[in-house]
Structure formats: C-alpha cells, structure tokens
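*Asks:* Have a look at this one.
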Amino acid sequence: MAVDRSAYHAPRLIGPAAAGGVIGLWGTASAFFVNAASFLALIAAIASLQRRAIGTPEEEEQRKGGIKDGFRFVFSDAPTLAMIGLCAMSTVCVFPIMGVILPLYAVDELGLTSGGMGALMSAAAVGSLSGAIGLLSIRKEQRRKTMIAVSFSASLAIFGLSQAQHALVAAGALMVLTVSFSTLIGLANITVQERTPDHLRGRVSAVAGLSFFGLMPFAGLGITSLSDAIGMRPSLAIASIAFIIGASAILTGPARRAAAPPAGETTPAATVQTEPS
Numbered sequence: 328m329a330v331d332r333s334a335y336h337a338p339r340l341i342g343p344a345a346a347g348g349v350i351g352l353w354g355t356a357s358a359f360f361v362n363a364a365s366f367l368a369l370i371a372a373i374a375s376l377q378r379r380a381i382g383t384p385e386e387e388e389q390r391k392g393g394i395k396d397g398f399r400f401v402f403s404d405a406p407t408l409a410m411i412g413l414c415a416m417s418t419v420c421v422f423p424i425m426g427v428i429l430p431l432y433a434v435d436e437l438g439l440t441s442g443g444m445g446a447l448m449s450a451a452a453v454g455s456l457s458g459a460i461g462l463l464s465i466r467k468e469q470r471r472k473t474m475i476a477v478s479f480s481a482s483l484a485i486f487g488l489s490q491a492q493h494a495l496v497a498a499g500a501l502m503v504l505t506v507s508f509s510t511l512i513g514l515a516n517i518t519v520q521e522r523t524p525d526h527l528r529g530r531v532s533a534v535a536g537l538s539f540f541g542l543m544p545f546a547g548l549g550i551t552s553l554s555d556a557i558g559m560r561p562s563l564a565i566a567s568i569a570f571i572i573g574a575s576a577i578l579t580g581p582a583r584r585a586a587a588p589p590a591g592e593t594t595p596a597a598t599v600q601t602e603p604s
C-alpha cells in the first residue's frame, strides 16, 4: 500500500508545477491536451496485464459472489466499517479542500497566478508523498494512535488555511494537511486490506472505494455551495471542526478494536492456549 501510494503521489511533485508553466505559455486548454495524452501510458499498462490464473474449484466458487458479499463483511466487522467511515469523513471534509477548491483558494484568497497555484499544488504533493513513504515505518500497534494524531494535525492545518494570508503560510499548512491525509487514508486502507479474507478482498475494496469515489462529487458540491453562501475561509473553519469531531468519534469508538483479528479468526497465541496439553 505504501509503495502504491508513493508511486501515485511522486509524479504530483512535477505535474502541477509543469502545468502552471504550460498554462502560462499556451493557455489552459493545452494542459488538458497534455493530460489526455498521458492516459496513453495507462492504456498501454492495462493492455499488458495477463489474465488471472484459474484457481481450484473451491477458490472459483468463492469468487462467484457479488458486491453484496463485500457489504455483508463490512457490516459484520466493526473495525472495517469504522475505517471506511473514516475514509468517508475524510472525503467529505478534507479532500474537497485539496482537490476542488484549492485553485479557487490560490487565486481568490491568495491572489496567485497559474505559476503560483502550480507551486502550491506541488507543495501539497510533497506532503502526500511524505505521508505515503512514512507508512513503511508505522507498526501495527501504533496505527490507531498515529491516526488520532494525524486527524488532529489535519484539522489544525485546515483551520490554518482558513486564516493564512500569505502563500508561504498556506503552503506550510497545506503540506501538513496532505501528509496527514495521506497517512490517515493509507493506514485506514491497510487495516481494511489486512482484515479482509483473501476471496473477498476485491469486493470489500469496491465497497471501500465507494467511500471516496461515491461521495466525492457530493462532497465537492457541498463545500463549494457552503463557500458561495458564507465565504471560503469560514467554510474551511467549519470543515476543520466537523472533521475532528467525526474522526474523534470513530477513532475512540469502533476503531479501538482495529488491531484485533476479524470475527472467526484467532491469533497464534490464542490457538496455543486452547490446545490440549
């Protein structure tokens, strides 16, 4: 998961800054054409994938279920549901700030040009990449405490953005926000992956994906509508408060058992204790 996230965030160090330069030279449309052309590499990568090897009859039988099986597992395992809920809370309160209103914030609140906006987005990428790489050093027993810490730092960073008047201050707050967001989402997804049985992993991943892709359009509309109504800076302050309240409720509740094995599984120590002498 850490390697996957790092590969995703690393190109963002260059992309936004380069896009700002391209837009400055050839206009906004040129950036869209370059972005469209970049998908040729993705198409080639997908075309190179080999077909999945056929498993045993038992494995193939387990794979016949649909996404309903994924929902059934998620709702039967409270820590998994908590992690997906945490991702949903992050999608609603945090992601729109980085992925939707950041260009408007850069131009309308900080007065930046396309080049400055690209630099601000590259600063966000530095934080995201740092958070992804940092996942490699976080032990399982440290995950919940780390998620609590980065939830608070993300909330403070959002509030910092609501008060920032200078681009350098905003860039610092944005780096704190993105490293916190990247760490939080990464740890939540790692927990979901580890708790899910192998034959259900794809279906549970699909359910978890809904907490991001399913909510993202509505979350983007929500924060932009709120910004239109009361202003961008007050909206950021409200998002900061809402996020820490929701994240705290999840992390101090069902997420407390995230390190425990899923229902029906036992740890090696427990197995040893139950064996007859």
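Each residue of the sequence shown is one higher than the one before, starting from 328 at the first, in this note's numbering. Where is the CB? At the ideal position from N, CA and C, for every residue including glycine. This structure is a prediction, so every number in the text was calculated from the model and none was measured.
Where does lysine 309 fall in DSSP's three states?
*Replies:* It is not possible to answer for residue 309, since the shown part of the chain is limited to 328 through 604.
*Asks:* Measure the CB-CB distance between valine 506 and glycine 458 and report whether it falls below 9 angstroms.
*Replies:* yes
*Asks:* What is the residue span of the alpha helix (DSSP H) that threonine 505 lies within?
*Replies:* Run containing threonine 505: 494-522, per the alpha helix (DSSP H) assignment.
*Asks:* Contact criterion: CB-CB distance below 9 angstroms. Does valine 506 meet it with respect to chain D?
*Replies:* This model lacks chain D altogether, as it is built from one protein chain only.
*Asks:* Note the first and the last residue of the continuous alpha helix (DSSP H) segment covering glycine 412.
*Replies:* 405-420
*Asks:* Which residues in the same chain have their Cβ closer than 8 angstroms to the Cβ of asparagine 516, if we skip the five residues on either side of it in sequence?
*Replies:* Listed in chain order, the non-local C-beta contacts of asparagine 516 below 8 angstroms within the same chain comprise Met328, Met410, Cys414, Ala535, local neighbours out to five positions each way being set aside.
*Asks:* Consult DSSP for threonine 383 and reduce its assignment to one of helix, strand or coil.
*Replies:* coil
*Asks:* Would you give the residue range spanned by the alpha helix (DSSP H) that valine 453 belongs to?
*Replies:* 441-461
*Asks:* Using the beta-carbon count (16 or more within 10 Å), is proline 406 buried or exposed?
*Replies:* buried
*Asks:* Can you look up lysine 395 in the DSSP assignment and give me helix, strand or coil?
*Replies:* helix
*Asks:* Just to confirm before moving on: does the CB-CB distance between valine 421 and leucine 504 stay below 9 angstroms?
*Replies:* Their beta carbons are under 9 angstroms apart, which means valine 421 touches leucine 504 by this criterion.
*Asks:* Which same chain residues end up closer than 7 angstroms to isoleucine 475 when comparing Cβ atoms and leaving out the 5 residues on each side of it in sequence?
*Replies:* Excluding its 5 nearest sequence neighbours in each direction, isoleucine 475 has C-beta neighbours in its own chain below 7 angstroms: Leu578, listed in chain order.
*Asks:* With a CB to CB cut of under 6 angstroms and the five nearest residues on each side skipped, what residues in its chain are close to alanine 450?
*Replies:* Ala498, Leu501, Met502
*Asks:* Please classify isoleucine 428: does DSSP put it in a helix, a strand, or coil?
*Replies:* coil
*Asks:* Output the boundary residues of the alpha helix (DSSP H) element that contains alanine 566.
*Replies:* 559-578
*Asks:* What's the C-alpha gap between leucine 408 and phenylalanine 508?
*Replies:* 19 angstroms
*Asks:* In or out: phenylalanine 486 buried (at least 16 other Cβ within 10 Å) or exposed?
*Replies:* Buried, since its Cβ has 16 or more Cβ neighbours within 10 Å.
*Asks:* What separation, rounded to the nearest whole angstrom, lies between the Cα atoms of glutamine 469 and leucine 462?
*Replies:* 11 angstroms
*Asks:* Reducing DSSP to helix, strand and coil, say where alanine 371 ends up.
*Replies:* helix
*Asks:* Could you give the first and the last residue of the continuous alpha helix (DSSP H) run that contains glycine 536?
*Replies:* 528-536
*Asks:* Applying the criterion that 16 or more other CB atoms from any shown protein chain within 10 Å of the CB defines a buried residue, is glutamine 600 buried or exposed?
*Replies:* Annotation note: pLDDT 38 at glutamine 600 (below 50); position unreliable, no value reported.
*Asks:* Report yes or no: do three or more beta-carbon pairs, one from the segment 362-376 and one from the segment 476-483, lie closer than 8 angstroms?
*Replies:* no
*Asks:* Let me know if glutamate 436 comes out buried or exposed under the rule of 16 or more other beta-carbons within 10 Å of its beta-carbon.
*Replies:* buried
*Asks:* So, do the segment 534-553 and the segment 422-436 have three or more beta carbon pairs nearer to each other than 8 angstroms?
*Replies:* yes
*Asks:* Between the alpha carbons of arginine 530 and valine 401, how many angstroms are there, rounded?
*Replies:* 10 angstroms
*Asks:* Enumerate in chain order the residues of its own chain whose CB-to-CB distance from glycine 442 is below 7 angstroms, with the five nearest sequence positions on each side excluded.
*Replies:* If we look at glycine 442 and ignore the five residues flanking it on each side, its Cβ neighbours are Gly347, Gly348, Gly351.
*Asks:* Just mark serine 464 as buried or exposed, buried being the case when its beta carbon has 16 or more other beta carbons within 10 Å.
*Replies:* Serine 464 comes out exposed.
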